[in-house]
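Asker: The structure follows.
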Amino acid sequence: MLRTVFFIILLFYLPSVFAKQSIIFINPGYENTNVTGPFWFEVSQLMRDAAKDFDLDLTIHYANRNHIDMKSLVAKAIKAKPDMLILVDEKSVLTQQLLSLNSTSTPIYFLLNRPSELELKRLIDHGIKIAGSVEPDNKQAGQLLADKLIEKAQYAANFLAINGDYTTHAALDREEGLNQSVQTHENANITAKTVANWSATQAYRHSLGYFSHQSNMNIVWAANDAMALGAITALDELNKRKDVLVGAINWPLRAVAEKIDVTIGGHVTLGAFALVNIYDLLNKHETAPMHHEVAIFSQHNEQTLKLVEQIHSDNLAINFRVFSKANENPLPFSVESLLLEATKSAL
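If you want it as structure tokens, here you go:
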């Protein structure tokens, strides 16, 4: 009789004991490649691999660059009450939405774009549970790209800077990095600046206009690879490509990388790093610090090209568990460590 009672009790508790921890990620981009490039697709791919390693139940919804749709998806996600909700606070639109809520028990983790310190304090004071965040050092990205382009130019560097937008922390910090680089080089200056909303089409139009009327510009600094491709299309039409260096932030696939003179990337991996941190948080492992700013950027090379190819072939073999603080000696999350893990299996 006692065995029967014990068995019934065990069956009752089994679903909760073995239920996977649920994570919802509201991806602001598209599920597939589009005019803004494959970046957000790649972020999702890496996150799925990390979730599989940690046996997490990851659900991804796509806002397709539409902030109204993104707010709707966030509202639905909060009602679903996941163990963790991952948000990208582009242009602070989600901060305002969260501040409008009466309350929510769902913990929030910010990825790539997080609210400012003041906004975070307001959210916490409002009763929003902020679990943490991870974002790249975008100043490093902007400066490193400019430095490499100036180095490659070997003569006076006159930039056309094509940024993604006017308001996100990522765009503003990348531009600040560009400015810092130019200020440290006597032979460099920014001839023109524009914003193309991360789009190849808009970058093409702007570049066609600028290069049709200004002859002294010899470098394009683009805040992502899609905009760099748009600039290259314009330069090809004007028969000026051979006279202009083009650089971009993001690690593109080989066919695109071969068209761009300098590419800087690595931040595509930070969605996976967010899941490492979330796993540690949910399972009470050592979690400090709460907020991470990672100097993740490096120049695209043969190894990183193969890594991106693996991401697109859905054949990534990195064991993300080696970065968890559940281990006595976890590996630091870096491009070098990721490539080391990938090399052990497939690269």
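Under my numbering, the first residue of the sequence shown is numbered 1, with each subsequent residue one higher. Here a beta-carbon is modelled for each residue, glycine too, at the ideal position from N, C-alpha and C.
Could you tell me which whole alpha helix (DSSP H) segments of length 4 or greater appear in the stretch 200-231?
Answerer: Here the runs fully enclosed are 200-213.
Asker: ALA326 and ALA342: beta carbons closer than 9 Å?
Answerer: Not a contact, by the Cβ cut-off of 9 Å.
Asker: Put THR233 into one of helix, strand or coil per three-state DSSP.
Answerer: DSSP places THR233 in helix when its eight states are reduced to three.
Asker: Write down every uninterrupted run of the beta strand (DSSP E) in the stretch 291-345 whose length is 3 residues or greater and which is fully enclosed by it, in chain order.
Answerer: Counting whole runs of 3 or more residues, the stretch 291-345 contains the beta strand (DSSP E) stretches 291-294.
Asker: Tell me which same chain residues have a C-beta within less than 6 Å of the C-beta of ARG174, skipping the five on either side of it?
Answerer: Contacts found: ASN138, ALA141, GLY142, ALA223.
Asker: Name the two residues that bound the continuous beta strand (DSSP E) containing GLU286.
Answerer: No beta strand (DSSP E) contains GLU286, which DSSP labels as neither H nor E.
Asker: Provide the residue span of the beta strand (DSSP E) that contains LEU238, from first to last.
Answerer: Looking at the DSSP string, LEU238 is not in any beta strand (DSSP E), and its letter there is neither H nor E.
Asker: Could you check which residue in ASP53, ARG114, GLU151, MET227 has the C-alpha nearest to that of LYS259?
Answerer: For the residues ASP53, ARG114, GLU151, MET227, the minimum Cα distance to LYS259 belongs to MET227.
Asker: State the Cα-Cα distance for the pair ARG65 and TRP40, rounded to the nearest angstrom.
Answerer: Taking the straight line from one Cα to the other gives about 10 Å.
Asker: Where do the N-terminal and C-terminal ends of the alpha helix (DSSP H) with ASN179 fall, by residue?
Answerer: That run of the alpha helix (DSSP H) goes 169-183.
Asker: With distance defined between alpha-carbon atoms, name the residue in SER22, GLN97, LEU145, ASP243 nearest to PHE297.
Answerer: The candidate whose alpha carbon is nearest that of PHE297 is LEU145.
Asker: For GLY127, count neighbouring Cβ atoms within 10 angstroms of its own Cβ and tell me buried if that reaches 16, exposed if not.
Answerer: Burial call: exposed.
Asker: Suppose contacts are defined by Cβ-Cβ distances below 9 Å. Is ASP89 in contact with PRO115 by that definition?
Answerer: Taking 9 Å as the Cβ cut-off, ASP89 and PRO115 qualify as a contacting pair.
Asker: Which runs of the beta strand (DSSP E) at least 3 residues long sit entirely within the stretch 70-133? Give them in chain order.
Answerer: Here the runs fully enclosed are 84-87, 108-111.
Asker: Mind checking which residues open and close the beta strand (DSSP E) that includes ALA260?
Answerer: What sits at residue 260 in the sequence shown is Ile, not Ala. It is not in any beta strand (DSSP E) - ILE260 carries neither H nor E in the DSSP assignment.
Asker: So the alpha helix (DSSP H) LEU144 belongs to, where does it begin and stop?
Answerer: Element bounds for LEU144: 138-153.
Asker: Are there 16 or more other CB atoms within 10 angstroms of the CB of TYR166, so buried, or fewer, so exposed?
Answerer: Looking at its Cβ environment, which holds fewer than 16 other Cβ atoms inside 10 Å, TYR166 is exposed.
Asker: Helix, strand or coil for ALA188, going by three-state DSSP, please let me know.
Answerer: ALA188 falls in the strand class under three-state DSSP.
Asker: Alpha carbon to alpha carbon, how far is VAL35 from ALA203? Give it in angstroms, no decimals.
Answerer: Distance between the alpha carbons of ALA203 and VAL35: 10 Å.
Asker: Give me, in chain order, the residues of the same chain whose beta-carbon lies closer than 6 Å to that of PHE25; leave out the 5 immediate sequence neighbours on both sides.
Answerer: The answer, listed in chain order, is ILE60, ILE86.
Asker: Beta carbon of LEU275, beta carbon of PHE320: below 9 Å?
Answerer: Their beta carbons are under 9 Å apart, which means LEU275 touches PHE320 by this criterion.
Asker: DSSP three-state call for GLY271: helix, strand or coil?
Answerer: Three-state DSSP puts GLY271 in a helix.
Asker: Let me make sure I understand the geometry here. Which of VAL335, ASN216, HIS312, LEU331 has the alpha-carbon closest to that of ARG48?
Answerer: For ARG48, the nearest C-alpha among the options comes from HIS312.
Asker: Could you tell me which residues DSSP pairs with VAL244 in its beta bridges?
Answerer: DSSP output for VAL244 lists no bridge partner at all.
Asker: Could you tell me if MET84 is buried or exposed, where buried requires 16 or more neighbouring beta carbons within 10 angstroms of its beta carbon?
Answerer: Classification of MET84: buried, given that the 10 Å Cβ count is 16 or more.
Asker: Check for me: the alpha helix (DSSP H) holding ASP165 runs from which residue to which?
Answerer: Neither: ASP165 is in no alpha helix (DSSP H) and is coded neither H nor E.
Asker: Between the Cα of ALA234 and the Cα atoms of GLY247, TRP251, PHE211, which residue gives the shortest distance?
Answerer: Comparing Cα positions, the closest option is PHE211.
Asker: Quick one, are the C-beta atoms of ILE150 and ALA161 less than 9 Å apart?
Answerer: The answer is no: Cβ separation not under 9 Å.
Asker: Rounded to whole angstroms, what is the Cα-Cα separation between GLU286 and GLY247?
Answerer: If you take the alpha carbons of GLU286 and GLY247, they lie about 39 Å apart.
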